[in-house]
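Enquirer:
In mature numbering (1 follows the signal peptide of the UniProt record, and there is no 0), the protein residues as written are -22 to -1, 1 to 654.
#1: May I have the straight-line CA-CA distance separating residue 251 from residue 193, to the nearest angstrom?
#2: For residue 247 versus residue 202, is the C-beta spacing smaller than 8 Å?
#3: With DSSP as the reference, identify every bridge partner of residue 490, one or two as the case may be.
#4: Among 442, 479, 462, which one has its Cα closest to the Cα of residue 456?
#5: Taking the DSSP output, what are the residues bridged to residue 340?
#6: With residue 519 as the anchor, note down where its alpha helix (DSSP H) starts and where it stops.
#7: If you draw a straight line from the alpha carbon of residue 434 to that of residue 516, how long is it in whole angstroms?
#8: Give every residue of the same chain whose Cβ lies closer than 6 Å to the Cβ of residue 23, excluding the five residues on either side of it in the sequence, and list them in chain order.
#9: How many angstroms separate the CA atom of residue 188 from the CA atom of residue 400?
#10: Hey, residue 149 and residue 102 are a contact pair by Cβ (cut 8 Å); roughly how many whole angstroms apart?
#11: Quick check on residue 348: does DSSP put it in helix, strand or coil?
#12: Could you pull out every residue in the same chain whose Cβ sits closer than 8 Å to the Cβ of residue 645, ignoring the five residues on either side in sequence?
#13: Just to confirm the assignment, what range does the beta strand (DSSP E) spanning residue 546 have?
#14: Quick one: is residue 245 near chain B, going by C-beta distance under 8 Å?
#15: Spell out a yes or no on whether the segment 334 to 341 and the segment 373 to 388 are touching, meaning 3 or more CB-CB pairs, one atom from each, closer than 8 Å.
#16: Residue 635 by DSSP, collapsed to three states: which one?
#17: Just to confirm my understanding: we take residue 35, look at its own chain, exclude 5 residues before and 5 after, and list those with CB closer than 8 Å. What are they?
#18: According to DSSP, which residues form a beta bridge with residue 281?
#19: Does the separation of the CB atoms of residue 423 and residue 403 fall below 8 Å?
#20: For the beta strand (DSSP E) containing residue 461, name the first residue and the last one.
#21: Please list the segments of the alpha helix (DSSP H) lying wholly inside the segment 154 to 219, counting only runs of 4 or more residues, in order along the chain.
#22: Could you check if residue 375 belongs to the surroundings of the ligand FMN, using beta carbon to heavy atom distance under 7 Å?
#23: Cα-Cα, which of 552, 299, 550 is closest to residue 332?
#24: So, helix, strand or coil for residue 589, using DSSP?
#25: With C-beta atoms as the reference, is residue 147 less than 8 Å away from residue 104?
#26: With distance defined between alpha-carbon atoms, name the residue in 224, 219, 185, 216 nearest to residue 204.
#27: Near residue 234, what residues of its chain come up, given a Cβ to Cβ distance below 6 Å and the 5 sequence neighbours on each side ignored?
#28: Under 8 Å, with one C-beta from each stretch per pair, do the segment 585 to 605 and the segment 567 to 576 reach the 3-pair mark?
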């Protein structure tokens, strides 16, 4: 890959020195987040986070060299300390440890924070470059800053120490940007993360430095990738990019994870420019990404670089968790329902699908049609290695091992918001949660949400409030009809706001019980080559291919850290009749879902479809070709079962289509493809 030239960066720096005007008052976000610890998982979602804690996420500090204490001092490894691995780990494990109240993890993250702050040098720099001749680049610190902010939210007694350290770093960073220093190819694409940190300081702890904070935001933007151009209709790639020339000379602007982070750049920019054009560009960015690269799993395809719509191209795990975080921020700034809906799809499909059920292994890349997980030669990923879809400790690259654990904790912490005036509470992501927050006017509010969602359609929220207030709950776009009842009152029709998706409910002082019924239908999404994907509510459904499992290797430091090879043990070459699909739901015993829920045959929901085997060749030794068009049966008609995508590890989720003329199902076709 070509590096962005020093000449290009210098030109941007000079241009910026001539025009640094900015508004030092930031535009408000549409909604505010709650501090870490105010929202906690319950029910099956708590169990899911506990499984993560019992897996590699909660144990890597014990054995994994990239984040173990012996490596904190840095060294020559690109992934060490605050250059990537330690920073990623800290960002994820701060909320993970707090949300499951794990004293060991909480102690480790506190030790990490103390170590970093204790080693800040006299210039304000934070990182392993202290006392060395190593060049200083800005990006690796940003995830650490997110973790430090979360710790301050959870434990305000640490505010002064962390905030003072961040302000010292801002001064040296601003100086570096003025001197055209500190911006490598990663900092040039991920500048928006630092902007979010600067905006947190500006909003809550400015220390009279608003002008410096905003000036640094502006300089970051203008020494970085111009996301408004990358995501413009003129330049945005409408298919795989491996044979295209990047018009900006910056291939990493087409890098899947960078783009996932870049999706929040334009709403972040809007806060200091106050320009509606930035919000318009942010909306367009999201739409273009999912129109041309979107997946039925909710994510998009980028096996390193953007990869189009083919079902065997890959989606990186880091991409999934970063896109979830960006989508949450986009909703907080803009308030469009489409962001929250897609984040929920990613959380309940793409995230669990690419991790083993016990969360000790993960893939680098997942596929919508994935018929094996093994060392593939040849492989369908032009930018990544043949080991990329193996489930293990660190297949292909180690970044996803240390970064994926932020997915569930940040989904949970962003599940509730409050209005800008501080008087109302918003239940954004649907699932089992407990939350407690002090709203304005000393209104102490507690909410306990009981639900099997997304494995059920009913939510019961018990709201306890010191005063009357307005409670809002998001009604997803896939809900058809639906109702809400208050205490023992009659069911009322849902009337959510068309833009935000929020249903307002007047809640009285004391205890109020809200019961929501959120029915939906099976929907059929048109995909490439005449194939279809099957959805119900937020869940994508797939044929779960029976598999054999083989241990490829075991890490000598930890016996649970195993690399697995999965091979199909049954035929997978099915075409389905979309008119035949039928939804099935089993009520779990005692209302408790199995653990871990995202594993073969365990979810209580499934869809059946009439199907038959067809001729569907391989494109390589271990991956499927594109779904055949106009297929013919080569075996008898039969009924197959589709399971939630997140519970499958080998799967077909984009099916060729034929008709048996039965029409017994209850599906409806989407008026437009899901990715639009």
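By construction, the Cβ of each residue, glycine as well, lies at the ideal position given by its N, Cα and C atoms.
Expert: Considering the structure as presented:
#1: 11 Å
#2: no
#3: 441
#4: 479
#5: 333, 370
#6: Looking at the DSSP string, residue 519 is not in any alpha helix (DSSP H); the run it does join, the beta strand (DSSP E), is 517 to 522.
#7: 11 Å
#8: 409, 410
#9: 23 Å
#10: 5 Å
#11: strand
#12: 499, 500, 501, 502, 512, 556, 557, 559
#13: 540 to 546
#14: Looking for chain B here will not work: only one protein chain is present.
#15: yes
#16: strand
#17: 70, 71, 74, 337, 382, 383
#18: 283
#19: yes
#20: 461 to 464
#21: 163 to 167, 169 to 182, 188 to 200, 205 to 208
#22: As for the ligand FMN, it is missing from this structure, which has no ligand bound.
#23: 299
#24: strand
#25: yes
#26: 224
#27: 280, 294, 297
#28: no
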